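Written below as structure tokens is the structure these notes are about.
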């Protein structure tokens, strides 16, 4: 790759990584249309993948003929990889994070969660980042769970033990206060499967409020099923998955890779649904993969689109892991 082409390769990769789709396209087209240039197949694949990633079929069809003529081979087929074309897969449950302070102002958020859950038929709610919840927030959350259950939506609540412990500190047997916190705590215990602990609190609830507590109805199997079915960015049957658009503010999936690889010598990462990764996230990925390589682990990134692969090459990720392009 000569200096000019190499510079264009890097520039287009970084522009796309930062969200500059139009600018990246201009850079690639300028090199490919230069009669005195020596653009190789790599730049062509970047442009064709860029059109796939942005859903520009007409431009793809126009350019793919030039590719076929240039390299005298069958061109890659059209495949819409844009976010607009992404459809919920049967084996994936949407993941929603509840974070910060949960109170009565969260009503619109819970309404949206309900819409997402009913649309997909299954949903995961992660409580890892939840810091506090008041009685109004408890009521809204409980109403959401009951509504989804009535509509037969499969629900997985992740880190619900954390919420149980939080709520336990807000209730007191014999003091008829924070009733919604009591009820949500009993609901969460049915997700954790802690029947003995549930029964203890149910008795305390009955004494405190002088009314019958909810009945024990474990939801562990349903929650596990939804969780297993919905590992969006992490675990899949035979590896780990990165997908969507990963930016510095949404790079948790990259950090989870280290934990996933902890007990494995060989790690396969499915990147078929990964559309874009920004510069910061690529740097984080390099650091994690360099550490794993130093530990003697082999990491293979499978089905990486040409635009993301170019960024990974610029960042040196291909030096600490194997990067396999999409076919």
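Numbering (UniProt numbering), first residue to last: 1 to 327.
Think of the CB as a built atom: it goes at the ideal place given N, C-alpha and C, for glycine as much as any other residue.
Quick caveat: nothing in here was measured; it's all calculated off a predicted structure.
Per the coordinates, the alpha-carbon of residue 270 lies some 35 Å from the alpha-carbon of residue 150. Residue 124 is positioned such that its CB atom lies closer than 8 Å to that of residue 96.
By the Cβ-count criterion, residue 137 is buried, with 16 or more other Cβ atoms from all chains shown falling within 10 Å of its own Cβ.
Residue burial annotation: residue 112 is exposed, with fewer than 16 other C-beta atoms found within 10 angstroms of its C-beta. Here DSSP, grouped into helix, strand and coil, assigns residue 97 to strand. Between residue 268 and residue 300, the C-beta gap is smaller than 8 Å, which places the two residues in contact. By the neighbour-count criterion, in which a residue is buried when 16 or more other Cβ atoms sit within 10 angstroms of its Cβ, residue 79 is exposed.
Counting the other CB atoms within 10 Å of its CB gives residue 71 a total below 16, which places it among the exposed residues. Bounds of any beta strand (DSSP E) do not take in residue 82, whose DSSP letter is neither H nor E. Cβ contact annotation for residue 74 (same chain, cutoff 8 Å, sequence separation greater than five): 68, in chain order. The C-beta separation of residue 25 from residue 50 comes to about 6 Å, placing the pair in contact by the 8 Å criterion. With at least 16 other beta carbons inside 10 angstroms of its own, residue 305 counts as buried.
Boundaries of the alpha helix (DSSP H) around residue 118: 107 to 120. Bounds of the beta strand (DSSP E) holding residue 277 are 274 to 277. The straight-line gap separating the alpha-carbon atoms of residue 256 and residue 246 is approximately 13 Å.
Residue 298 carries a strand assignment under DSSP once its states are collapsed to helix, strand and coil. Between the beta-carbon of residue 155 and that of residue 140 there is about 15 Å, and that puts the pair past the 8 Å contact cut. Annotated three-state conformation of residue 270 is strand, per DSSP.
When beta bridges are read from the DSSP output, residue 154 appears opposite 122. Inter-residue distance for residue 58 and residue 312 is about 28 Å (C-alpha atoms, whole angstroms).
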